[in-house]
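Q:
Number of protein chains: 2
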Amino acid sequence: MLPLLAVLASAEAATPPSSNGIDYPTGWQEWALIAVSHRTDNGTLRAILGNDTAVKAARAGQTNPWPDGTVLAKAVWKGAGLENWSSAVAPKAFVHAEFMIKDSVRFAETYGWGWARWLGETQAPFADGPQVCISCHTPVRGRDWVFTDPAPFPH
Amino acid sequence: MLPLLAVLASAEAATPPSSNGIDYPTGWQEWALIAVSHRTDNGTLRAILGNDTAVKAARAGQTNPWPDGTVLAKAVWKGAGLENWSSAVAPKAFVHAEFMIKDSVRFAETYGWGWARWLGETQAPFADGPQVCISCHTPVRGRDWVFTDPAPFPH
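If you're matching them up, the sequences are chains A and B in order.
Here the first sequence stands for residues 1 to 155, numbered as in the UniProt record's numbering.
Here the second sequence stands for residues 1 to 155, numbered as in the UniProt record's numbering.
1. Is it buried or exposed for residue 155 of chain A, if we count other Cβ within 10 angstroms and need 16 for buried?
2. From A:56, A:79, A:76, A:78, pick the residue whose C-alpha is nearest to that of residue 70 of chain A; which is it?
3. Check whether the region 79–86 of chain B and the region 99–116 of chain B touch, using three or more Cβ-Cβ pairs below 8 Å as the test.
4. Given a threshold of 16 other Cβ atoms within 10 Å of its Cβ, counted over all protein chains shown, does residue 30 of chain A qualify as buried or as exposed?
5. State the Cα-Cα distance for the pair residue 124 of chain B and residue 101 of chain B, rounded to the nearest angstrom.
6. So does the region 50–66 of chain B actually touch the region 134–150 of chain A, counting three or more Cβ pairs closer than 8 Å?
7. Specify the secondary structure class of residue 135 of chain A as computed by DSSP and reduced to three states.
8. Rank A:149, A:150, A:65, A:126 by C-alpha distance to the C-alpha of residue 113 of chain A and give the top, closest one.
9. From this set, B:97, B:14, B:24, B:25, which residue's C-alpha is nearest residue 47 of chain B's C-alpha?
10. Taking 8 Å as the cut-off, does the region 23–43 of chain B touch the region 27–41 of chain A (at least 3 CB pairs, one atom from each stretch)?
11. Measure from the C-beta of residue 54 of chain B to each C-beta in chain A and report whether the shortest distance is under 8 Å.
12. Would DSSP call residue 98 of chain B helix, strand or coil?
13. Could you check if residue 149 of chain A is buried or exposed, using at least 16 other CB atoms within 10 Å of its CB as the buried criterion?
14. Alpha carbon to alpha carbon, how far is residue 24 of chain A from residue 7 of chain A? Give it in angstroms, no decimals.
15. Between the Cα of residue 153 of chain B and those of A:67, A:19, A:91, spot the shortest distance and give me the residue it belongs to.
16. Can you check whether the C-beta of residue 169 of chain B is within less than 8 Å of a C-beta belonging to chain A?
17. Give the range of the alpha helix (DSSP H) segment to which residue 59 of chain B is assigned.
18. Going by the DSSP bridge assignment, what does residue 32 of chain A pair with across the sheet?
19. Just list the residues that DSSP pairs residue 124 of chain B with in beta bridges.
20. Give the straight-line distance between the Cα atoms of residue 20 of chain A and residue 22 of chain B, rounded to the nearest whole angstrom.
21. Check whether chain B comes within 8 Å of residue 106 of chain A, counting only Cβ atoms and requiring the distance to be less than that.
22. Can you pull the DSSP bridge partners for residue 44 of chain A?
23. At a CB distance below 8 Å, what residues from the region 110–139 of chain B approach chain A? Give them in sequence order.
24. Express the C-alpha separation of residue 110 of chain B and residue 130 of chain B in angstroms, rounding to a whole number.
25. If you measure from the beta carbon of residue 49 of chain A to each beta carbon in chain B, is any gap under 8 Å?
26. Looking at residue 77 of chain B: is its Cβ nearer than 8 Å to the Cβ of residue 94 of chain B?
27. Residue 105 of chain A by DSSP, collapsed to three states: which one?
28. Where residue 14 of chain A and residue 49 of chain A are concerned, what is the direct C-alpha to C-alpha distance, given to the nearest angstrom?
29. So residue 134 of chain A and residue 115 of chain A are in contact, right, with Cβ under 8 Å, and what is the actual spacing, rounded?
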């Protein structure tokens, strides 16, 4: 039995530990796109992905508030010009993945959202608590705490 | 029967006509992400999405050549700073969707790729032929004609 247990233990270890008490949202890498952004102040590129509930709300323009069950994933990379097109800034090293998880009951004390972050390629959990996230998002408290405008898509 | 026929005609009309002889790849708006970019020379933001074959190849780093069956979709938006974070350039008006479709037999005469583009929110087909696309992609002919470096994702 030991080899099988070793395999199981290894598979379990591949899921990163929780961040701010929130489980790692597995599979987010294949979620559909809600928006992109380029933070020119710190040279990072971002993709904002969403689970099915989030994408449906984004496409329908029903995002203030976002519905319970929404999970927003923001993937962040260092940006640099492409080798063959230097004015096209594109993703290089992976910086972190940030999540906002809407559950107006579970997260009532943090404005209806769970806030989590996993760092780098190894996805080490951020564990300093949600206030670090919330303080930065305070300017958009009137937009259900979300900076992102969903990108328009043709139907 | 007329009302039913009218509904069917309306549904059919919703799929844009072909571009350069290529059918519209329905459902691309929900495909997974391969990369993003910000073209600072013309102020546009881009998301490069892929069908399942493309995403699997991108994640595995097997992209020179991309496998037959690959479809790459590039969505392009005008970029502008967010209302609440002016240094974060984010998508505004939708410009166009561009596609590269790998089929080394069908598209043997255009380097193994079909090249198509649909313009604006209405997705009006571009019909001036693939040479317009190919001429711009010539600098990356040694990378299977693709500028995009797939973004690294944590596993």
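Idealized CB from N, CA, C, for every residue including glycine.
A: So, from the data block:
1. Its Cβ having fewer than 16 others within 10 Å, residue 155 of chain A is exposed.
2. Answer by Cα proximity: A:56.
3. With contact defined as three or more Cβ pairs closer than 8 Å, the region 79–86 of chain B and the region 99–116 of chain B are not in contact.
4. Around the Cβ of residue 30 of chain A, a 10 Å sphere holds fewer than 16 other Cβ atoms; the residue is exposed.
5. The alpha-carbon atoms of residue 124 of chain B and residue 101 of chain B are separated by roughly 19 Å.
6. Short answer: they don't touch.
7. Correct three-state label for residue 135 of chain A: helix.
8. The candidate whose alpha carbon is nearest that of residue 113 of chain A is A:65.
9. Residue B:97 holds the alpha-carbon nearest to the alpha-carbon of residue 47 of chain B among B:97, B:14, B:24, B:25.
10. They touch, by the three-pair rule.
11. Not closer than 8 Å to any Cβ of chain A, the Cβ of residue 54 of chain B fails to qualify, so no.
12. Annotated three-state conformation of residue 98 of chain B is strand, per DSSP.
13. Answer is buried; the Cβ neighbour count reaches 16.
14. Confidence at residue 7 of chain A is low in this model, with a pLDDT of 49, below 50, so the placement of that residue should be treated as unreliable; the coordinate-derived value is given next. Cα-Cα distance, rounded: 20 Å.
15. It is A:91 whose Cα lies nearest to the Cα of residue 153 of chain B.
16. Summary: the structure shown does not reach residue 169 of chain B, with chain B confined to residues 1 through 155, and so no result is reported for it.
17. Residue 59 of chain B: member of the alpha helix (DSSP H) spanning 52–60, first to last residue.
18. Within the DSSP bridge table, the entry for residue 32 of chain A names A:50, B:32 as partners.
19. According to DSSP, which records beta bridges pairwise, residue 124 of chain B is partnered with B:119.
20. The straight-line gap separating the alpha-carbon atoms of residue 20 of chain A and residue 22 of chain B is approximately 48 Å.
21. For residue 106 of chain A, the answer is no, since every Cβ of chain B falls outside 8 Å of its Cβ.
22. According to the DSSP secondary-structure assignment, residue 44 of chain A is paired through a beta bridge with A:39, A:78.
23. Listed by position along the chain: 118, 120, 121, 122, 123, 139.
24. Taking the straight line from one Cα to the other gives about 8 Å.
25. So yes, residue 49 of chain A belongs to the interface.
26. Going by beta carbons, residue 77 of chain B and residue 94 of chain B fall inside the 8 Å limit.
27. Looking at residue 105 of chain A - three-state DSSP - the assignment turns out to be coil, as it is neither helix nor strand.
28. Their backbone Cα atoms lie some 22 Å apart in a straight line.
29. With 8 Å as the limit, residue 134 of chain A and residue 115 of chain A qualify as a contact, their Cβ atoms being about 7 Å apart.
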